[in-house]
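What follows is a set of notes on a single structure, which appears directly below.
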Amino acid sequence: MSPVFKIFSLLCIFGSFSAQEISVITVIEVEDSTKSKKTYFSDFHVDSSTVNNNEIIIIGGNLNVDGTINGKITIIGGDVYLGSTAVINGEILAIGGTITRHKSAIVKGKINQTNLKEGLLYKEIKDQEFENDSLKSDNLSYNSLIHTNKDLFVHNRNEGLVFTPINTYWDKNGKSSFTLRFELGYRFGSSEGIGQLTFDKSFFFKNLGIFASIFKKSRSDDKYRLPTSENSWASFLARQDFYDRWDEEGWSFG
């Protein structure tokens with residue numbers, strides 16, 4: 390092969406590569422290997438051959454599901470699309486986005502939707518409540534469960550970051566006639582400590598009881614709207630707080 394032909398061949402190959410369009414997509418992924426938790430700041434796709442067992446948080450991106458979800462996925466500020474081969478055995482929470490489902494998708498777990506603009510709505514969507522491949526607002530049921538606050542970190546608009554390293558309960562594994570509950574934490578927003586100490590005593594085979602408690606903490610009647618941990622994510626990342634709360638300080642007995 391002549392040198393001229395070799396040079397001509399190399400130029401043709403170079404021209405073929407340079408004529409192709411190169412597309413680069415940057416995906417930011419934060420992984421916590423100890424808890425099998427991943428955070429994505431982009432769109433996320435679960436293809437038909439994938440079974441997801443991890444906890445995933447998607448911020449500012451959409452979720453497309455064609456595979457199987459056994460873990461929990463939280464989407465903040467994005468939409469959810471369930472394809473024809475999607476199987477939901479775990480839980481999906483969409484904060485500030487819409488949920489669209491193909492009629493062939495299978496939902497055995499939980500799909501929850503929270504409306505950031507309306508603030509009030511925390512909806513647990515059952516499988517039969519999907520119609521015409523989309524979610525209709527008049528077919529939603531409301532999650533009325535009360536979610537107790539046992540989170541180490543809480544964030545809200547009134548207190549800022551709240552750190553509660555001590556939250557204990559003692560009853561001698563159910564064998565004691567009295568129980569002690571002790572909670573101690575710190576508010577970084579107002580730079581002050583918070584806590585609660587409660588004593589319960591039962592009589593007559595636990596058919597009668599008395600209690601006494603001293604406390605300094607915030608309270609809310611809105612925990613049915615959203616679990617405390619997810620409200621903290623919404624408050625910290627999206628500046629949306631769905632709880633109204635008030636401070637209480639003093640003692641009580643009864």
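Okay, so the sequence shown: first residue is 390 according to my numbering, each after it adds one. Glycine included, every Cβ here is placed at the ideal spot set by N, Cα and C. Predicted, not measured: the structure shown is a model, and the values here were computed from it.
Leaving out the 5 sequence neighbours to the left and right, which residues in its chain are closer than 6 Å to residue i when beta-carbon positions are compared?
i, result
"S533", "Caution applies to S533, whose pLDDT of 31 falls short of 50 and renders its modelled position unreliable; the value that the coordinates give is listed next. Cβ neighbours of S533 beyond the five flanking positions: Y613."
"H434", "N453"
"W640", "I603"
"E480", "K461, G498, K499"
"D432", "G450, N451"
"A623", "I484, Q629"
"Y470", "N453, T489"
"Y558", "R570"
"V476", "T457, I495"
Check for me: the alpha helix (DSSP H) holding residue i runs from which residue to which?
i, result
"E572", "Where E572 is concerned, there is no enclosing alpha helix (DSSP H), although the beta strand (DSSP E) it sits in stretches over 567 to 576."
Go to residue i, then tell me how far its beta strand (DSSP E) extends in each direction, as first and last residue.
i, result
"N545", "542 to 545"
"S618", "Segment 617 to 627 is the alpha helix (DSSP H) holding S618; no beta strand (DSSP E) there."
"S591", "581 to 592"
"E548", "Looking at the DSSP string, E548 is not in any beta strand (DSSP E), and its letter there is neither H nor E."
"F433", "433 to 435"
Give me the residue from the options with the minimum Cα distance to residue i.
i, options, result
"L541", "S602, S621, F567, N478", "S621"
"E548", "F571, G582, W559", "G582"
"Y575", "G584, T568, L569, F567", "G584"
"L357", "L550, T428, G643", "The structure shown has nothing for residue 357, since the chain only spans 390 to 643."
"E572", "G578, S579, T553, K564", "T553"
"F592", "I495, E638, S618, S565", "S565"
"L550", "D560, G578, E637", "G578"
"T439", "T463, L569, T474", "T474"
"F567", "F430, S580, T587, N556", "T587"
"A601", "S580, P616, R570, T557", "R570"
"T428", "T463, E638, Y558", "T463"
"D468", "T617, T503, I555", "T503"
"N478", "V496, Y470, G486", "V496"
"V543", "E638, P616, G486", "P616"
Tell me which same chain residues have a C-beta within less than 8 Å of the C-beta of residue i, skipping the five on either side of it?
i, result
"K426", "E420, N443, E444, I445, I446"
"D436", "D455, G456"
"G472", "S437, N453, V454, D455, H491, A494"
Buried or exposed for residue i, going by 16 or more other Cβ atoms inside 10 Å?
i, result
"K590", "exposed"
"D630", "buried"
"N441", "buried"
"D455", "buried"
"A494", "buried"
"E418", "Low confidence applies to E418: its pLDDT is 45, below 50, so where it sits in the model is not reliable, and the reading given next is rough at best. Exposed, because fewer than 16 other Cβ atoms sit within 10 Å of the Cβ of E418."
"E619", "buried"
"N545", "buried"
"I458", "buried"
"I488", "buried"
"I599", "exposed"
With which residues is residue i paired in a DSSP beta bridge?
i, result
"Y558", "R570"
"D636", "S607"
"H491", "In DSSP, H491 forms no bridge with anything."
"N441", "I458"
"A475", "Paired residues: none, contrary to the question."
"F600", "D589"
"F631", "The partner list for F631 (beta bridge, DSSP) is empty, contrary to what the question assumes."
"Y470", "N453, T489"
For residue i, which residues in the same chain have their Cβ closer than 7 Å to its Cβ, ignoring the five residues on either side in sequence?
i, result
"W635", "S607, R608"
"D633", "S609, D611"
"L626", "I448, I465"
"D560", "T568"
"K605", "I583, G584, E638"
"G486", "I464, G466, G467, D468, V469"
Please find out if some non-hydrogen atom of the ligand MG comes closer than 7 Å to the beta-carbon of residue i.
i, result
"Y558", "The ligand MG is not part of this structure, which contains no ligands at all."
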